[in-house]
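Protein chains in written order, with the numbering used here: chain A, 1 to 235; chain B, 1001 to 1388. A virtual CB, placed ideally from N, CA and C, is assigned to each residue, including glycine. The structure displayed is predicted, hence computed values, not measured ones.
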Amino acid sequence: MTAVVEIEHLSKAYQRGGQVVPVLQDITLTLQTGDFVALMGPSGSGKSTLLNLIAGIDAPDSGLLRVAGVDITGLRESELAQWRAEHVGFIFQFYNLMPVLTAYENVELPLTLTHLSRRQRCEHARLALDLVNLSDRADHYPSQLSGGQQQRVAIARALVTDPTIIVADEPTGDLDRVSAREILDLLESLNDSLRRTIIMVTHDQAAAECAHIVRHLEKGVLTDKIEYPRERAQA
Amino acid sequence: MGIPYSYIVRNLWVRKITTLLTAGGMALVVFVFAAVLMLSEGLKKTLVATGSPENVVIIRRSAETEVQSSVYRDQASLVASIPEIANGPGGARMVSREVLVLMVLPKRGTGSPSNVTIRGLSEMGPALRPQVRLVEGRMFRPGTSEIIAGTKIAEGFQGAGLGETIKLGIQEWKVVGLFDAGKTGFASEIWGDADQMMQAFRRDSYSSVIFRLSDPGSFARVKERLEDDRRLTVEAEREPQFYARQSELMANFLNVLGTILSTIFSIGAIIGAMITMYAAVANRTAEIGTLRALGFRRHDILTAFLAESLLLSLLGGALGLVMASFMQAFTVSTMNWQTFAELAFSFTMNAGVVVQGLLFALIMGLAGGFLPAVRAARLDIVDALRAS
Ligand SMILES: Nc1ncnc2c1ncn2[C@@H]1O[C@H](COP(=O)(O)OP(=O)(O)OP(=O)(O)O)[C@@H](O)[C@H]1O
Ligand SMILES: [Mg+2]
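Here's what the structure looks like:
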């Protein structure tokens, strides 16, 4: 097992009307390759902020932040963009697909940042769409898909580059029970059979139960840690 | 590789109405810009087409035009005697001593006065201008008070029609033929016998001597010899250059006018493009955040939005040029400022006009799209993602 996320004494505060509001305080956290972690906590506790820091789209005020073996606090803007393209897959609450691109094109989009040839990009994108069971919807635009289907396209987009970590901010927050279950099953199987490292922010107890580590945030401080045994048989 | 081209194109396509309205604004500006260029292009083409490269025009030194020039009879004879002049059919030397007079004549219908160029020619004069064709009647006879008129002049001026008589100077003239000079400056002239014209207008000198070289390559030598001759105070120029020079002032004026006018109009179109692009950035803030999160750089976002704006302006430019191309059907009649004669010419579109029109459009697109694109590129990722 190797550490994929190493966080030590990480702090972050926002300025609000001349007042400094601490959002994350002295966070120390290590995640291993293959972990499926759920981040829980009340609204405003800093879950999204922590996730954004790990994903390299926000910067901490102080502390150590190593993800995928790289100290990302020391990277320049364009290096960080390159790093994200290589190492991070994003899943958002509202799917965030490009409305003018088809499902297939949305999945292919992050591959345009790699050195893959057109043929290889096509292969990878088809494979990813296949994995989320949407091959037959490849040419549909997001507006022609249900919320659950859109989120599956987003998952295909997140895993198509074979990233080191997948970050998901309330991936089921906008879905009905049935669709949410589908998404969670998909994430579970990605973690289980493809050994993807997943960090997921959620309010949903059912969602948290898919993860095998649950961390709680309370006013910017990590509190308890619950580990669920992996009941799934390991091959 | 940056943001895919299809993303840029389709974003223009999905908001068709806005795209069309914005491009339409730019199209109008490009239309004005191109129309003025086409006007000056048409003017140049008309005047340049007036000349033949093997013909040489002799006028008094420092006289800009034939109207201002006078060449005395003995000087004209000296010029006409040089050996380089070609022999025409029947062995006659191809040289014409000509006199040019501007006259104010009343137009048909309105009777409003307008300038017409009256040209007196030697017998060989018409043969030096093969681009001028007699279409009705016959050629004037030398030594008589017969004239022929360009078809446009015959239609436009009182007494200039076939079979009619008209008073020019102190003489009555009979129109015995009509000629078509295509799109050349001759189309707006009246022609008659040079010596008769000189009598009618009480002139004792010619305006110019025109001759054809037997070897067009000998022009430099002929020019040097004639201009160095102390007995002559003339300058020699090839006919096309001679007429091109006459169009320069007016063409330059039109170009300056067109550029100023379009620049003023373009401010509106640029603001339109800016509003459209700012709206596009505002509507797609979350998309921009997502693209950045996926690993596209600020630079890619900037390029994509600039490309979108440039594409929009290119569409406007193409639209404007298509509109302007219809102007080619129109012929404009205006005063040639250097000769003060009425001159007819058409809007002329060519590759130069197309390139300049599209460039003008692209500059508008760049000016309108730059600030919105910078705003898009500067968005903070987390803030942008919150916009959803
Ligand atoms: N750009 C910002 N400027 C000021 N304050 C901010 C900014 N972003 C976040 N905050 C504050 O930081 C705190 C943590 O925000 P964060 O989005 O991480 O919470 P969260 O745990 O994800 O909440 P939720 O469950 O509602 O999504 C909140 O109090 C929020 O108001
Ligand atoms: Mg949140």
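What are the boundary residues of the beta strand (DSSP E) that includes residue i?
{"i": "residue 1165 of chain B", "result": "1165 to 1168"}
{"i": "residue 1237 of chain B", "result": "1234 to 1238"}
{"i": "residue 13 of chain A", "result": "3 to 16"}
{"i": "residue 36 of chain A", "result": "36 to 40"}
{"i": "residue 1179 of chain B", "result": "1171 to 1180"}
{"i": "residue 964 of chain B", "result": "The requested residue 964 of chain B does not occur in the structure, where chain B is confined to residues 1001 to 1388."}
{"i": "residue 1134 of chain B", "result": "1133 to 1137"}
{"i": "residue 26 of chain A", "result": "19 to 32"}
{"i": "residue 1146 of chain B", "result": "1146 to 1150"}
{"i": "residue 201 of chain A", "result": "197 to 201"}
For residue i, is the beta carbon positioned less than 8 Å from some heavy atom of ligand 2?
{"i": "residue 1016 of chain B", "result": "no"}
{"i": "residue 170 of chain A", "result": "yes"}
{"i": "residue 201 of chain A", "result": "yes"}
Apply the 10 Å Cβ neighbour rule to residue i and answer buried if 16 or more other Cβ atoms are within range, or exposed otherwise.
{"i": "residue 1001 of chain B", "result": "exposed"}
{"i": "residue 1262 of chain B", "result": "buried"}
{"i": "residue 10 of chain A", "result": "buried"}
{"i": "residue 1330 of chain B", "result": "exposed"}
{"i": "residue 227 of chain A", "result": "exposed"}
{"i": "residue 47 of chain A", "result": "buried"}
{"i": "residue 74 of chain A", "result": "exposed"}
{"i": "residue 1138 of chain B", "result": "exposed"}
{"i": "residue 321 of chain A", "result": "One cannot answer for residue 321 of chain A here, as it falls past the ends of chain A, which runs 1 to 235."}
{"i": "residue 1012 of chain B", "result": "buried"}
{"i": "residue 78 of chain A", "result": "exposed"}
{"i": "residue 1372 of chain B", "result": "buried"}
{"i": "residue 1339 of chain B", "result": "Because the pLDDT of residue 1339 of chain B is 49, which lies under 50, any placement of that residue in the model is unreliable, and the number read from its coordinates should be weighed accordingly. Classification for residue 1339 of chain B: buried."}
{"i": "residue 1209 of chain B", "result": "buried"}
{"i": "residue 220 of chain A", "result": "buried"}
{"i": "residue 103 of chain A", "result": "buried"}
{"i": "residue 235 of chain A", "result": "Bear in mind that the predicted position of residue 235 of chain A carries a pLDDT of just 36, short of 50, making it unreliable; the figure below should be weighed with that in mind. Classification for residue 235 of chain A: exposed."}
{"i": "residue 1031 of chain B", "result": "buried"}
{"i": "residue 87 of chain A", "result": "buried"}
Where do the N-terminal and C-terminal ends of the alpha helix (DSSP H) with residue i fall, by residue?
{"i": "residue 1367 of chain B", "result": "1351 to 1378"}
{"i": "residue 1024 of chain B", "result": "1016 to 1049"}
{"i": "residue 1097 of chain B", "result": "That residue, residue 1097 of chain B, is in no alpha helix (DSSP H); its beta strand (DSSP E) goes 1095 to 1106."}
{"i": "residue 1323 of chain B", "result": "1298 to 1325"}
{"i": "residue 1073 of chain B", "result": "1073 to 1080"}
{"i": "residue 185 of chain A", "result": "177 to 194"}
{"i": "residue 963 of chain B", "result": "Chain B is shown only over 1001 to 1388; residue 963 of chain B falls outside these bounds and no answer can be derived."}
{"i": "residue 169 of chain A", "result": "Where residue 169 of chain A is concerned, there is no enclosing alpha helix (DSSP H), although the beta strand (DSSP E) it sits in stretches over 165 to 169."}
{"i": "residue 153 of chain A", "result": "147 to 159"}
{"i": "residue 1289 of chain B", "result": "1285 to 1294"}
{"i": "residue 1383 of chain B", "result": "1381 to 1386"}
Could you name the residues of chain C that residue i contacts, counting a contact when the two beta carbons are closer than 7 Å?
{"i": "residue 1011 of chain B", "result": "Any reference to chain C falls outside this structure, whose protein chains are A and B."}
Using a Cβ-based criterion (distance less than 8 Å to any ligand heavy atom), does residue i qualify as near ligand 4?
{"i": "residue 1280 of chain B", "result": "This structure lacks ligand 4; its bound ligands are ligand 1 and ligand 2."}
Quick one: complete alpha helix (DSSP H) runs, 4+ long, within the stretch 203 to 233 of chain A?
Runs found: 205 to 210.
Complete runs of the beta strand (DSSP E) confined to the stretch 1189 to 1233 of chain B [at least 3 residues]:
Runs found: 1189 to 1193, 1208 to 1212.
Give every residue whose Cβ lies closer than 5 Å to any heavy atom of ligand 1, listed in chain order. Residues with a Cβ closer than 5 Å to any heavy atom of ligand 1, in chain order: A/14, A/23, A/43, A/44, A/45, A/46, A/47, A/48, A/49.
Only counting runs of 4 or more residues, tell me where the alpha helix (DSSP H) segments fall wholly within the stretch 36 to 123 of chain A, in order along the chain.
-> At a cut-off of 4 residues, the continuous stretches assigned as alpha helix (DSSP H) that sit fully inside the stretch 36 to 123 of chain A are 47 to 54, 77 to 87, 103 to 108.
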